[in-house]
Amino acid sequence: MELEALNKPTAEDKKIQEELRASGNIPGHIAIIMDGNGRWATKRFLPRVAGHREGVGSVRDIVEVCGQLGVGYLTLYAFSTENWNRPQDEVSTLMRLLLNSLREETDKLHRNNVRLTAIGAIDKLPGEVQKKLADAISITKGNTGLTLNLALSYSGRWELVNAVREIALKVRQGEIELDDINESLISDHLTTSGIPEPDLLIRTGGEYRVSNFMLWQLAYSELFISPLYWPEFRRQHLYEAIRDYQNRERRFGLVSEQVRRRNNGGEKSLAAKIFQTITGE
Ligand code: FPP
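Position 84 of the sequence shown, counted from 1, bears residue number 797 in our numbering, the numbering being contiguous throughout.
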């Protein structure tokens with residue numbers, strides 16, 4: 714039953730999704746900072762972990778609707794490097810929720826053509842989570858629909874430090890020259906190598922910061938801050954964020970006139986056209 718629901722959006726959903734597709738581009742990559750679980754729970758006099766549990770429902774709904782809309786990549790900031798410093802029982806609950814979600818949802822993801830990937834210091838996660846995650850990644854690796862990318866034990870600075878170390882080592886070993894270091898080489902050494910940069914970053918919980926998330930990749934992302942706590946953020950709020958995104962003008966450092974000319978210049982993606990203008994290629 715649940716699976717069918719995932720494949721078949723309601724008539725109302727269908728209508729909204731068709732409108733979104735018709736009225737502009739669907740973001741190829743959406744990244745989300747899922748914040749406010751603790752506050753959602755505290756407001757209801759519940760323990761913080763109740764907010765994380767309820768937050769899993771929002772993950773399910775947003776993954777489902779991204780698949781239906783034809784979003785290419787969805788990256789969820791599920792556990793940051795800094796989150797290890799939270800009280801031990803909260804960390805344990807988050808790991809258990811992740812484990813249970815992987816146990817319960819992998820089949821459904823697979824049958825719905827979702828490919829699961831993960832970025833972060835995966836070797837720091839408990840052994841059984843690592844194992845389930847590796848299994849889920851392997852089971853779904855050939856899928857061609859939505860890529861659901863989980864950021865786990867991840868932070869932008871952690872990732873940049875690793876990239877700098879790898880590049881420095883290659884220079885020291887004579888594999889590359891100092892002059893070979895450019896933006897594309899750095900991108901290739903990040904955990905997101907091969908994944909397009911997020912078009913849209915959504916942060917729930919009302920805070921206006923990026924909290925050490927995808928620091929390199931967010932350079933030109935459009936930001937959408939929702940005042941709602943993550944457990945409250947459901948498909949209708951995602952529709953609103955996408956509508957808002959579709960009304961933005963992404964200039965990538967150019968002026969409006971250049972963007973308009975580029976937009977009218979053929980079939981290439983906007984990002985490719987802008988890149989062409991910047992590089993002159
Ligand atoms: C931030 O809220 C949220 C997290 C640290 C964890 C998010 C995890 C889940 C939604 C559940 C598991 C995820 C998956 C992918 C199955 P917060 O605790 O910082 O909230 P606060 O700012 O109100 O304290």
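Beta carbons: idealized from backbone N, C-alpha and C, even for Gly.
Closest to residue i by C-alpha separation, out of the options, would be which residue?
i	options	result
T819	Q801, K845, R734	K845
L838	L822, L811, K821	L811
Y867	Q730, K727, N738, I746	I746
T794	I835, A876, R824	I835
Y786	E910, R870, E945	E910
N826	L859, H742, I915	L859
G942	L733, Q730, K756, R961	The sequence as given places Tyr at residue 942; Gly does not occur at that position. The shortest C-alpha separation from Y942 is found at K756.
L782	N796, R816, D726	D726
V776	R734, R963, A724, R947	R947
S736	N960, E970, R973, R974	N960
Q930	R885, T788, D892	T788
A831	N862, Q949, G966	N862
G780	E896, D748, I852, G741	G741
Measure how close the beta-carbons of residue i and residue j come, nearest whole angstrom, since I'm counting them as under 8 Å.
i	j	result
F937	L913	6 Å
G869	M927	6 Å
I915	I743	7 Å
H902	A932	With a Cβ gap of about 16 Å, H902 and A932 do not count as contacting.
Y952	I729	5 Å
L710	R956	The question about residue 710 has no answer here: the residues shown for the chain are numbered 714 through 994.
Hey, residue i and residue j: beta-carbon distance below 8 Å or not?
i	j	result
R752	G918	yes
S814	V769	yes
R864	A791	Note on identity: in this sequence residue 864 is Ala, with Arg being the wrong assignment. Contact: yes.
E879	T904	no
L829	A849	yes
L807	H765	yes
S771	P944	yes
V842	E803	no
E935	R964	no
Contained alpha helix (DSSP H) runs [length at least 4] in the region 740–785, N- to C-terminal order: As far as the region 740–785 is concerned, its whole alpha helix (DSSP H) runs of at least 4 residues are 750–756, 761–782.
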